[in-house]
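Before any comments, here is the structure.
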Amino acid sequence: MEEYNPKAIETHWQHAWSDAKVSDSKADKSLPKFYCLEMFPYPSGHMHMGHVRNYSIGDSMARFRRLMGYNVLYPMGYDSFGMPAENAAKKIGGHPHDVTWSNIESIREDLKRMGFSYDWRRELATSDKEYYRWNQWIFLKFHEMGLVERRTAPVNWCDACDTVLANEQVKNNRCWRCSGEVRQKDMAQWFLKMTKYADELLDDLEEIGFPENVKAMQRNWIGRSHGAEIHFPIVDSDDIIQAFTTRPDTIFGVTFVTLAPEHPLCETLVSGTEFESDYRELADECARMSEFDRINMLRDKKGVFLGRYATNPLTGDAIPIYAGNFVVASYGTGAVMAVPGHDQRDHDFAKKYDIPIAQVLAEEEGREPKQTGRAFEGLGWMVNSGRDGFDGLYGSEAKAAVISALESEQMGSGTIQYRLKDWLLSRQRFWGTPIPFIHCPQCGVVPVREADLPVALPLDVTFSEGLSGNPLASHEGFVNTSCPSCGTAAKRETDTMDTFYDSSWYFLRFCDAMNAEEAFNKDVVDYWMEGGVDLYIGGIEHAVMHLLYARFFTKALRDAGLNDVSEPFSRLVCQGMVNAPAPFCSDCNVEYHVEHDGRDCPTCSKPLGTRSAKMSKSLGNTVSPEIMIEKYGADTVRLFILFSANPEAGMDWSDSAIESNFKQMKAIHSVPSQIATLSGASSPMDDWLLARTRSNMIRWSNSMMDVSLRDGVMASHFDMLTDWQWYLRRGGNNREVAESCLSVWACMLYPATPHLAEDWWSSLGHDSMLAQHVVEIQNEMESDCATLAKELYLRNVIDTARNVKQLAERHVDGELEMIVIQTAPAWKHELVKSAVRMHAEDFDFKEGGNKFLQSHPVFQNDEMRGDVMQLWRNVVVGQKKRRGRVHTYSDGQRALIETQFDETVFLLENSEFIGRALDIGMVQIHVSGEGEDVAGKAKTSMPLEPGIAWR
RNA sequence: GCAGGGGUUCCCGAGUGGUCAAAGGGGGCGGACUCAAGAUCCGCUGCUGAGCGCUUCGCAGGUUCGAAUCCUGCCCCCUGCACCA
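Per my numbering, residue 20 is the first one in the first sequence, and the count goes up by one each step.
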């Protein structure tokens with residue numbers, strides 16, 4: 020047999036596919052389309068295992084859909100703007116452009132070696148002028164639509180990255196990229212008004228196929244809450260405090276108001292008073308708040324009285340005004356109406372500063388509130404409202420009543436608050452898309468003319484270690500220009516765009532990537548994007564940022580008239596982590612670098628165990644895809660990845676598991692050579708093999724349709740092999756049948772391990788390539804059910820016999836010599852057949868079962884009556900845990916019973932095989948009662964369950 | 001605290017009311033082949049032992065003729081958000 024040589028097979032077919040342009044596709048309205056997309060990589064050098072997993076999933080799905088006759092769009096590109104290239108350029112003293120391109124070339128090579136079937140004509144890089152010119156063009160469109168705004172605002176500044184960050188890029192007050200501390204800074208910045216789409220972004224989540232956790236994260240991020248804005252006029256002043264609350268039903272329990280220390284009214288109220296110094300202390304403390312302080316602050320809620328009072332708009336009561344360190348300036352209005360009776364945080368605060376606590380909601384209807392010493396935060400029935408028409412109202416009714424009272428008195432209104440902020444997209448960095456605007460001393464900030472696009476990044480910049488800031492700002496050739504409207508000397512904007520901007524529409528560009536005239540043609544996009552990208556695969560880390568931005572872009576571009584699509588991704592699959600073992604101390608609950616393998620815990624000195632942990636440089640537990648491909652070939656790596664876990668699940672790398680998948684591949688590879696030895700004689704096994712193939716294929720295609728790739732490869736790469744081996748073992752010997760089975764099987768092997776499948780296909784003598792083949796899913800034949808059931812019957816008999824064998828050995832003196840199989844007698848078959856038929860007609864066995872039985876001829880024989888009763892019971896009622904057989908027979912078993920399958924004949928035909936399988940010299944088969952009854956097994960025989968004994 | 005997802009046999013993992021002592025894989029054990037190793041193939045892998053029965057799917061209850069599966073409460077793990085009013 021020829022040795023499995025993956026490298027030779029793989030390179031050969033990769034060239035063949037490329038020559039035949041099998042992955043090129045174009046919009047064609049007469050064909051059903053499938054747009055398969057993976058989150059494109061940041062070209063950081065080499066492909067890592069996470070990429071391999073991501074793209075192995077995508078390529079299998081793309082190939083599967085092509086095989087099913089879909090017009091598949093499957094593109095690849097590079098998200099190539101961004102800081103790492105800039106930092107690398109600084110280190111080696113070059114230009115980010117050069118760094119980026121050499122990285123892209125390396126990644127492209129890796130992708131090709133894996134055999135991913137991209138339409139390479141569509142390859143794009145976002146740092147390419149031909150791409151980012153459209154970023155700028157779209158930006159001008161957005162500007163026309165009023166979605167762009169430049170304004171001075173407090174922004175998140177990362178010193179380490181030397182730039183501002185979007186809200187989405189700040190986590191726990193730290194930078195998402197470098198984990199450096201983020202501080203607030205007032206700066207003029209560019210914003211995209213994403214908040215205009217807040218409602219649509221939230222509501223449309225219901226419609227799309229995102230995983231629940233991703234939807235939850237987006238909902239959370241958008242953070243829509245319904246409530247009211249309530250005016251609290253300040254006593255002896257014209258100023259009014261606007262407070263946002265989600266609980267207007269607690270308005271009568273407001274006993275103080277708390278402002279964020281940054282709230283402008285604080286300053287007004289305290290300045291020049293005795294309260295000023297305490298306030299300043301608090302405000303200063305909050306201003307220099309570091310993350311460390313924030314954590315402490317969670318336990319330490321502080322506030323200061325500002326010396327003034329406000330009026331509760333519905334009661335007229337004067338209530339004190341405080342500034343509190345726990346009030347967030349940027350959420351709502353930065354002012355909170357405090358209800359210590361019904362908010363635990365306010366409750367704690369009131370106790371600390373000795374402020375009255377009023378209870379205005381009762382837990383139970385018609386009762387007084389309970390005295391629990393805690394705030395009751397649930398919905399309740401209004402009490403103690405001090406105004407007519409409120410007491411007794413509950414929940415949303417109570418809220419509505421308060422809101423309408425406020426509105427009629429013009430003291431507030433129902434409002435909706437969002438947590439979502441506008442997208443701050445300007446960055447003070449070089450390696451990004453220049454924002455196409457010009458600062459003119461005469462005309463102000465003016466957009467670059469469309470005809471003047473692109474505003475290109477200069478290549479004559481040299482980066483060096485010491486360089487800080489944005490070199491664009493000091494690049495005379497770039498900065499100096501003239502105003503597009505008045506022509507006077509003017510300066511270019513030197514901020515560039517957040518790189519998330521680039522990836523917010525790349526999926527649209529892919530549809531029409533070679534278009535030099537426009538960003539994309541609307542018709543082409545509407546074809547490929549109808550219903551959205553059909554399958555989008557990528558990491559969960561983009562659940563909020565990228566996926567939200569892309570959704571926003573799609574909607575905004577739709578409103579610009581550029582497409583008819585509202586949601587970019589119809590089905591999102593977030594592939595799980597790739598894990599590998601890492602040293603781990605269970606006592607300290609800490610993972611260590613692999614160099615600690617086999618040593619003791621550096622902290623507690625106990626021996627380290629291992630645990631599966633995300634592959635990372637910091638733990639050193641990464642596995643290089645290149646080495647694995649070199650060792651096992653791309654197909655084995657792909658099979659291993661798909662087989663070890665379903666796409667969404669976490670996956671553990673295991674050397675022994677990939678080794679065993681390699682064995683599996685070798686075994687599969689050897690199959691075609693086995694058919695050469697077949698003689699061509701037919702046997703009953705031929706029908707069985709074809710029936711199994713059909714049934715596996717149906718299961719396989721259903722799984723693949725559902726992106727359950729693990730189940731898919733289980734059918735194609737494991738069960739099919741098992742069945743093939745069983746066919747041979749059972750004496751299958753028909754070459755023609757085998758070839759027909761193998762042709763179908765090759766199709767099933769193709770999506771996950773395309774090279775091997777293609778090789779196999781050609782060795783079967785097909786002229787065309789599998790890559791251009793469309794397969795038809797064969798329907799099951801009516802007879803399949805019984806064909807499969809017969810073989811299953813044989814396996815059951817053998818399994819049972821084997822089971823009993825061990826026991827028999829203890830009961831029989833000396834060696835076992837023979838097996839005696841006693842099939843059920845005719846009357847049992849007959850009775851069971853009747854029962855099955857009656858069950859199919861919904862016969863009520865409880866009601867009429869006994870009557871039927873008593874009128875049956877076999878029942879008239881007194882000696883048999885006991886056996887008859889027992890069989891009947893087993894068949895229609897069951898005992899204890901086991902239900903009656905009529906309820907539990909499989910379709911196949913039912914078919915065998917109804918067609919009066921002759922077990923005795925079938926077993927006799929296969930007696931030689933039974934003997935071999937059970938390793939016994941003699942096999943005796945007879946109908947119960949027609950031969951010697953060994954071990955009293957004749958009685959126990961049932962249809963499809965013969966009595967089995969040894970002697 | 002809020003939200004989302006989980007807890008199945010030595011391990012990974014399938015399983016959404018009865019054909020479930022529970023697929024598949026890994027690991028382990030045994031057998032065949034072999035001078036031997038490897039590869040390959042076959043079998044075993046909860047207790048019991050002529051198919052019964054018994055115990056088992058995080059813990060405790062409940063519904064049901066029947067529960068890994070449905071309901072209630074609790075415990076634990078992961079992920080995300082979080083002084084959000």
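Don't be surprised by glycine CBs; every beta carbon is placed ideally from N, CA and C. Please read these numbers as outputs of a predicted model, since none were measured by experiment.
Residue nearest to residue i in terms of C-alpha spacing, selected from the options
i: G911; options: C804, M888, I840, D818; result: C804
i: A599; options: N640, M95, L872, Y611; result: N640
i: S714; options: S701, L697, L728, A734; result: A734
i: A107; options: S483, P455, L491, S635; result: S483
i: D542; options: D654, D583, D407, F864; result: D583
i: A172; options: P626, P332, G948, W442; result: W442
i: P25; options: S802, A776, F878; result: A776
i: S702; options: N929, G628, R618; result: N929
i: M670; options: R630, Q683, M684; result: R630
i: Y525; options: F588, P466, V464; result: F588
Exposure of residue i, with buried meaning 16 or more beta-carbon neighbours within 10 Å
i: L826; result: exposed
i: L478; result: exposed
i: G580; result: exposed
i: E512; result: buried
i: G101; result: buried
i: R814; result: exposed
i: D751; result: In the sequence under discussion, the amino acid at residue 751 is Gly, which differs from the Asp named in the question. Classification for G751: buried.
i: K574; result: buried
i: N499; result: exposed
i: Q114; result: What sits at residue 114 in the sequence shown is His, not Gln. So H114 ends up on the buried side.
i: I126; result: buried
i: F311; result: Note that F311 scores a pLDDT of 48, beneath 50, so its modelled location is shaky; the value from the coordinates is reported in the next line. Exposed.
i: Q188; result: buried
i: T119; result: buried
i: N753; result: buried
i: N331; result: buried
Helix, strand or coil at residue i according to DSSP, with G and I counted as helix
i: T434; result: strand
i: V851; result: helix
i: P103; result: helix
i: L591; result: strand
i: F311; result: Residue confidence is low: F311 scores 48 on pLDDT, short of 50, so the model does not pin down where it sits. No coordinate-derived value is stated.
i: Q943; result: strand
i: I227; result: coil
i: P267; result: helix
i: I241; result: helix
i: E951; result: coil
i: F449; result: coil
i: K40; result: coil
i: R618; result: coil
Residue i: CB within 7 Å of a non-hydrogen atom of the ligand SAM
i: P94; result: By its list of ligands, the structure shown contains no ligand whatsoever, and the ligand SAM lies outside what it can speak to.
Residue i vs residue j beta-carbon contact at 8 Å
i: H688; j: Y23; result: yes
i: V474; j: Q155; result: yes
i: A247; j: T434; result: yes
i: D742; j: R718; result: no
i: I374; j: V273; result: no
i: L425; j: W400; result: no
i: L224; j: R243; result: no
Are there three or more Cβ pairs, one per stretch, closer than 8 Å when the stretch 454-461 is compared with the stretch 499-515? yes
Counting pairs of beta carbons, one from the stretch 267-274 and one from the stretch 413-433, are three or more of them closer than 8 Å? yes
Should the stretch 549-557 be called in touch with the stretch 513-525, which here means at least 3 C-beta pairs below 8 Å? no
Taking three-plus beta-carbon pairs below 8 Å as touching, is the stretch 23-34 in contact with the stretch 48-58? no
Check whether the stretch 952-964 and the stretch 906-924 touch, using three or more Cβ-Cβ pairs below 8 Å as the test. yes
Is the stretch 139-157 close to the stretch 87-102, with three or more CB pairs under 8 Å? yes
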